[in-house]
Amino acid sequence: MDNEKIKGMPGVTPKDVRAILDILSVNPDRPLYIHDVWCKRCGICIAMCPHNALEKGPDGVPVVIDEKCKRCGMCELRCPDLAITLLQTRN
Ligand code: SF4
Ligand code: SF4
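Given below as structure tokens:
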């Protein structure tokens, strides 16, 4: 089953598609990390978060408000310095 090809997408298997969907899907169990060494304190992620789940920390690095964060990945997508990582927890 997993070795079947997707019609019209040569070389792409159902397993590949599931992996892509997993990465794109909202998963509230995904840990979110903000790497303070890479963060330039620009505030873009705070402005872009659709759930107001980020606020500026004492050193300027954003901190996540876990009760508000939906793990949607918008901050990770918008950070110009790749300083935010949402880890995948599913296989
Ligand atoms: S967008 Fe990235 S670099 Fe800017 S404050 Fe957020 S984590 Fe830091
Ligand atoms: S994952 Fe979504 S809800 Fe959570 S801090 Fe980032 S943009 Fe906001």
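To convert, count from 1 in the sequence shown and add 127; that's the numbering used here. For each residue, glycine too, the CB sits at the ideal point set by N, CA and C.
Residue i: buried (16+ other C-beta within 10 angstroms of its C-beta) or exposed?
| i | result |
| --- | --- |
| L213 | buried |
| M128 | Since pLDDT at M128 reaches only 49, below the 50 mark, its modelled position is unreliable, and no value is offered. |
| R157 | buried |
Cα separation between residue i and residue j?
| i | j | result |
| --- | --- | --- |
| V191 | A146 | 26 Å |
| R205 | P189 | 14 Å |
| L181 | I173 | 5 Å |
| C176 | D143 | 29 Å |
What are the boundary residues of the beta strand (DSSP E) that residue i is part of?
| i | result |
| --- | --- |
| I161 | 159–161 |
| L213 | 211–213 |
| E182 | 181–183 |
Alpha carbons only, please: which of the options is nearest the one belonging to residue i?
| i | options | result |
| --- | --- | --- |
| R198 | M136, Y160, P141 | Y160 |
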